[in-house]
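Only one structure is covered here, and it is reproduced in the block below.
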Amino acid sequence: MSTYRTRTFVPPLVQRALDLAQRRAFEHSCIPEVGRLLGILASHVQHGIVGEIGTGAGVGSAWMLSHLAPTTHFVTVEADAKRATAVQNLFRDQPNAQIIHGNWHEILASGPFDLLFINAGPAKAPLNSPQGEVAVEMVLSALRTGGMVVMDDLTPEAYWPQEWQGRPDPVREFWLNDARLNAMEVLTTPRTMVILATRIGEETCLCSVRISTHLSPPGSPGNLLYFIAMDTFNMCKQSYRSVSVVMEPVPVEARPKLKRYIND
Numbered sequence: 030m031s032t033y034r035t036r037t038f039v040p041p042l043v044q045r046a047l048d049l050a051q052r053r054a055f056e057h058s059c060i061p062e063v064g065r066l067l068g069i070l071a072s073h074v075q076h077g078i079v080g081e082i083g084t085g086a087g088v089g090s091a092w093m094l095s096h097l098a099p100t101t102h103f104v105t106v107e108a109d110a111k112r113a114t115a116v117q118n119l120f121r122d123q124p125n126a127q128i129i130h131g132n133w134h135e136i137l138a139s140g141p142f143d144l145l146f147i148n149a150g151p152a153k154a155p156l157n158s159p160q161g162e163v164a165v166e167m168v169l170s171a172l173r174t175g176g177m178v179v180m181d182d183l184t185p186e187a188y189w190p191q192e193w194q195g196r197p198d199p200v201r202e203f204w205l206n207d208a209r210l211n212a213m214e215v216l217t218t219p220r221t222m223v224i225l226a227t228r229i230g231e232e233t234c235l236c237s238v239r240i241s242t243h244l245s246p247p248g249s250p251g252n253l254l255y256f257i258a259m260d261t262f263n264m265c266k267q268s269y270r271s272v273s274v275v276m277e278p279v280p281v282e283a284r285p286k287l288k289r290y291i292n293d
């Protein structure tokens, strides 16, 4: 097989992350083929937010940061305090990188994401449990219209253990069948795959929502104006005294001039 630079080159930041993983005996970093794919995908986000669930030793993060535009914000979350601190030190010279120590869902408030790499945690959970169903809906609500999810560590069905043959895979069942997603599987090596899933359709439309908290005098404009996904809006609006929808749901790309109020 011919040798090409794109198959062999390892960015310096990635090498430092690999060294960190070796020192900490961390064996669950993404493989180079996935890392190179992440780098290509991240390079297309010129002004936006790229996220990662499951920092590990920072290898996947390093692949993305090595190709990320300086105008793009990167955020990753890690549940293990020692690993999170180690990666914070590793990326201390990366001004657009943020490392969160916490549960996986704490990253979702940093969205909406243009690219989200799901590398670990309940966000990858099978959908045959209530926790899994809630997790994937939370992830979808944090994606921008056209935003992409990348999930690795999938095995082609031809290499499944005998006892798994013929059984449905709950992860694939959701990510490859949901009508809100345009998704496909991609081989990264003969024995490994990733799922790429882009959020599409009316379900990805956002609303401009004006929130009036108890601090706002009656009749005054709300003290917060921002864009949130409709399903997130429906879950959180009970937390406020009043909520006014400023416009009907529209695609993010076509945010028109605000025209009218629809009082909740």
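Counted from 1, the sequence shown has number 119 at position 90 by the working numbering; the numbering is strictly sequential.
Each residue gets a CB set at the ideal place from its N, CA and C atoms; glycine is no exception.
Is DSSP giving residue i helix, strand or coil here?
{"i": "residue 49", "result": "helix"}
{"i": "residue 32", "result": "coil"}
{"i": "residue 112", "result": "helix"}
{"i": "residue 201", "result": "helix"}
{"i": "residue 43", "result": "helix"}
{"i": "residue 57", "result": "coil"}
{"i": "residue 208", "result": "coil"}
Does the Cβ of residue i have 16 or more other Cβ atoms within 10 Å, making it buried, or fewer, making it exposed?
{"i": "residue 195", "result": "exposed"}
{"i": "residue 208", "result": "exposed"}
{"i": "residue 93", "result": "buried"}
{"i": "residue 70", "result": "buried"}
{"i": "residue 38", "result": "exposed"}
{"i": "residue 171", "result": "buried"}
{"i": "residue 189", "result": "exposed"}
On a Cα-Cα basis, can you pick out the residue from the options that is closest to residue i?
{"i": "residue 67", "options": "48, 55, 50, 40", "result": "40"}
{"i": "residue 61", "options": "46, 185, 189", "result": "46"}
{"i": "residue 177", "options": "219, 224, 203, 186", "result": "224"}
{"i": "residue 217", "options": "101, 179, 43, 204", "result": "179"}
{"i": "residue 102", "options": "86, 88, 108, 73", "result": "73"}
{"i": "residue 214", "options": "32, 76, 184", "result": "184"}
{"i": "residue 114", "options": "164, 91, 205, 129", "result": "129"}
{"i": "residue 133", "options": "151, 76, 124, 141", "result": "151"}
{"i": "residue 125", "options": "77, 135, 110, 112", "result": "77"}
{"i": "residue 127", "options": "219, 221, 43, 90", "result": "90"}
{"i": "residue 108", "options": "211, 86, 33", "result": "86"}
What whole-angstrom Cβ distance do residue i and residue j have, given they're in contact under 8 angstroms?
{"i": "residue 79", "j": "residue 144", "result": "5 angstroms"}
Between residue i and the ligand ADP, is there a pair consisting of the residue's CB and a ligand heavy atom that are separated by less than 7 angstroms?
{"i": "residue 213", "result": "Annotation note on the ligand ADP: not contained in the displayed structure, which lists no ligands."}
- [ ] Pick out the complete alpha helix (DSSP H) segments inside the region 59-88, 4 residues or longer, and give them in chain order.
- [x] 61-72
Task: Complete alpha helix (DSSP H) runs within the region 143-199 (minimum length 4 residues, chain order) - done: 159-170
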